[in-house]
């Protein structure tokens, strides 16, 4: 081993010779806070005397690295520690800098409880981290330096008796906690792939103990009915009391040495962990975090405090610089030559990387001065109805509260509920403490512990817990690399940051030095998982504005032949329905962006000014013909997308023209000038780059006023839910820090705002109607006129219900309309109206308005109906079919209930699951758009000799694939459900056989569980993948082809869809890419891709001679570095965007006439101008 003295390479890493931030000069220790001298400046880092160089690595001369860690909490400090302990670390060429905006452990890492447990989550890193804690304590005397020790852990159920109340026990009313846990662990019942079951099975640890499965049922408290009327709100549990923890409780007796809990109040005690799983330990988090920083510093890590990072700089797709502000000197500094950046900023991670969606949730805690026996106690305290704390005039919570209490050497730590009402401050030293919440905890704990009631309170504190929420499931951290080379993320650990800090730090060190995690499989935490995000860090020096393509493809959506075959009554009906649909355009514009309405009106007024002679604009000095052409393209693209963000991908696009030329064009009239002033800054502004949560890089018109956090949106959502107000037709306006206005779409508006009960005096929520009122009024007027010409009473009924919903804002009325609409079978004129799809709301609940009116193609609809009649035949050919159930097998319904199918791109509506299940649904195929898409310019992935054949079959293959997707994809499948306790929709004594392994299924859906609830963020994309594969599986069936008119062998393939999906990674394109990856991996050469990276060319080859859930699916849909290079080539060959021009109808006397327009930019603008919306 070689002892070294580390040398300092001079300040070419910095733009200034002054050291930024405060160089950590004082030695950190486990017993005192860090107090650096803000005036001290040193040009030399600490020089360790006991470091080592790995001789083998030194002989190979690995490349130099300058690693910057952002964040001085537990994740940042353990990362720094394990980087210096990695065998590849060479202090002669590896320089590590840790930047912290305040001080070490200033946030949650210094104010947490410090609990460690084998029952924590996520299980992919818990066993490793628990073991590393023990190793660190053994190596560095953790028992003395940071209070490492084992301790007991359990939960108490206690009932506090009020004055004058009878000593009534609840032991009979409250079902045994241990019994519930036992039942939950005996009955595994979620239908998951066998592979996932194996992953969730107990894993053998190095100490011989097995780790329990995290997929267990949450223990629900059975509350006394008399408590339901108590004043106050429900207690919001911290994540440690989640479903994966509470069901690991085993009934036990209250330990004799747990004497600081008043035993006479305790009705039940449950020990944490099943048999053999009971290990729980603890550390003092502040002492542990500062000790990790001390050890890293001693190994050569430069730790700079009061250094707030402001920007990460990129060059050629990799990290290069870090800019930060010295909060002491107020000077801005830049670190150059950076090779790796680890963002471990806890809840502040999203301020640097908004795509991570790591948020902060405030939580309070208190510390008592008391020396008690080592136990961590989760509580379930039932308060009497007449109880209230002495420091308040009224109680805050109702019948049950659940504070957590951890005994530490010489003190007792206690924490309370999460508080989502206060936004994250700029830095950790600006966190505000609500002492009243701390006093609540002290009062609650005093009801069950006489000892702690008398103990002095030495600290009242608050911190922000970092969490990354995937839609539909619990929080999981992000650990790993991103699409930017050298940029790593380690954040979002919620309340398990201390527990999982060592494993995270070790894994990040392996990622950096070895290129992959070796100590644990953390694929599920990969930040590059497409459902989380594909990180494309924005650097203003690199990213160019999303300007218009050099050209666009324009297609007319043909409708004249079908319209001409309508009766006069049907033409009248379709005319007024279409007028109603177009009346909703302004609603969509208002939902897309604040500037969209003004841009739309500007385009219309400019058309009016030039009377369609657009070249007149080029006569003005300073405006060229190229400027006019660019504006026409922008205007046509804007109108086709109904806003200045693409309808597919939600990216913003800007004009490809001189800004001054647009200003000159706008000077033609006073009205044009006025409108131009409303959008002149926004129309060219980049950022925002896309639609998303309001931030520095994205915007959303669903959230108005001051910038709103996800926690605030969630808080308002709870208020709306409590008031039974559906969110689909609402927008939220933040007025000030604690006041919100919910705008509801409706015609009716009394002018009086309705104040909603917030159950929390610190915020105000007001409901106001009248959003989009004028547009909805015009829309309803046309629906009324259409009703006169409706074909039947069913149509008149749903039109009346539409109008009732749009007039009052009631979504109950809208749901009624959908129930009626579904029963209108096989109409000649089909429609879809309402606030339907929530895709453009980043929170995923507020819906964009839609208005669609279509004419059914009789011939194609007949063919589709014919396919419906033969559906059972093809269901029997699906891979999971077996002999029982008339050849369809146990995983299909006995009676196939087909949707109402019209050939009018596939839409499957309504979106309300209860209506779909109880009443039915419709599948709508928009044929004329599919025809346009099939004739559009192709992606250049097909070999030249195959192109003609591919083009010949593209449309029919695409069409029938969509048909099979909608009919037999979304229309098939049966879930195995336990409907209530002991009642199943299958034979539970003889469960059906798993088609993957031939063994009886071992999991199913428990009562109350749903597909989306169990599969969370993957539910939509996995379902789309299944439906796509059903279509792909059946589309070359000879009998199917003969049924739909193809009697000769037809070659149908869609291998290039996966490549096109790389341009816009939504749920459907993610499914296509997963299918492509599966073909590449397992197709034995069936599909291969030839990539000419220099020439930016991709070619897909198919060998015809070879044509024959979570971890598996995520692995398939993971976009690695090679695929990212493919994406660059795909984008380089992206065909021009496709625009559509649509017809208008006009009333001439008693007749309705149809007018179609030329497929040009001018034609698109003219069609909108004559629409007069």
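Residue numbers (my numbering): 2 to 1174. From the three backbone atoms N, C-alpha and C, an ideal C-beta is built for every residue, glycine too.
Under the three-pair Cβ rule at 8 Å, the stretch 261-268 does not count as touching the stretch 83-91. Within the stretch 445-475, the beta strand (DSSP E) runs of at least 3 residues that lie entirely inside it are, in chain order, 458-469. Scanning its chain for C-beta atoms nearer than 6 Å, with the 5 sequence neighbours on each side dropped, one finds around residue 374 the residues 258, in chain order. Listed in chain order, the non-local C-beta contacts of residue 605 below 8 Å within the same chain comprise 1169 and 1170, local neighbours out to five positions each way being set aside.
Residues 1154 of the same chain have their beta carbon placed closer than 6 Å to that of residue 1147, with the five preceding and five following residues left out of the count. Between the alpha carbons of residue 779 and residue 721 lies a distance of about 28 Å. Between residue 824 and the set 381, 782, 798 and 957, the nearest pair of CA atoms involves 798.
In this structure residue 332 is exposed. Its beta-carbon is surrounded by fewer than 16 other beta-carbon atoms within 10 angstroms. Per DSSP, residue 823 is one residue of the alpha helix (DSSP H) stretching across 812-823. Taking C-alpha positions only, residue 446 is separated from residue 119 by approximately 26 Å. Closest by C-alpha distance to residue 340, out of 323, 847, 704 and 967, is 323.
Taking a C-beta distance under 9 Å as the contact criterion, residue 529 and residue 483 qualify as a contact pair. Annotation: the stretch 551-627 contains the following complete segments of the alpha helix (DSSP H) (minimum length 4 residues), in chain order: 561-565, 569-584, 586-593 and 597-611. In this structure residue 946 is exposed. Its beta-carbon is surrounded by fewer than 16 other beta-carbon atoms within 10 angstroms. In the three-state scheme derived from DSSP, where H, G and I count as helix and E and B as strand, residue 490 is classed as strand. Considering only 299, 453, 700 and 858, the residue with the shortest C-alpha distance to residue 566 is 858. Ranked by how close their Cα comes to the Cα of residue 513, the residues 486, 521, 499 and 498 have 486 in first place.
Distance from the CA of residue 1164 to the CA of residue 661, rounded to the nearest whole angstrom, comes to 26 Å. For residue 723 and residue 766, the gap between their C-alpha atoms comes out near 12 Å. When C-alpha distances from residue 378 are compared across 351, 385, 283 and 469, the shortest belongs to 283.
Taken atom to atom, the span from the alpha-carbon of residue 457 to that of residue 401 is near 25 Å. Remark: C-beta atoms of residue 161 and residue 390 do not approach each other more closely than 9 Å.
As far as DSSP is concerned, residue 80 takes part in no beta bridge. For the pair residue 822 and residue 1078, the Cα-to-Cα distance works out to about 40 Å. Selection 574, 843 and 491 evaluated against residue 711 yields 843 as nearest (Cα-Cα).
Within the stretch 110-148, the runs of alpha helix (DSSP H) that reach at least 4 residues and sit entirely inside it are, in chain order, 127-141 and 143-147. Around the beta-carbon of residue 963, 16 or more other beta-carbon atoms lie within 10 Å, marking it buried. Here DSSP, grouped into helix, strand and coil, assigns residue 796 to helix. Going by C-alpha positions, residue 888 is about 30 Å away from residue 982. Sequence-distant Cβ neighbours of residue 321 in its own chain, meaning closer than 7 Å and more than five residues away, are 314, 315 and 339.
Counting only the Cα atoms, residue 148 lies some 28 Å from residue 158. Between the alpha carbons of residue 814 and residue 806 lies a gap of roughly 5 Å. In the three-state scheme derived from DSSP, where H, G and I count as helix and E and B as strand, residue 785 is classed as helix. By the beta-carbon neighbour count (other beta carbons within 10 angstroms, threshold 16), residue 694 is buried. Where residue 1143 is concerned, there is no enclosing alpha helix (DSSP H), because DSSP gives it neither an H nor an E. In this structure residue 468 is not in contact with residue 506, their Cβ atoms being roughly 19 Å apart against a cut-off of 8 Å.
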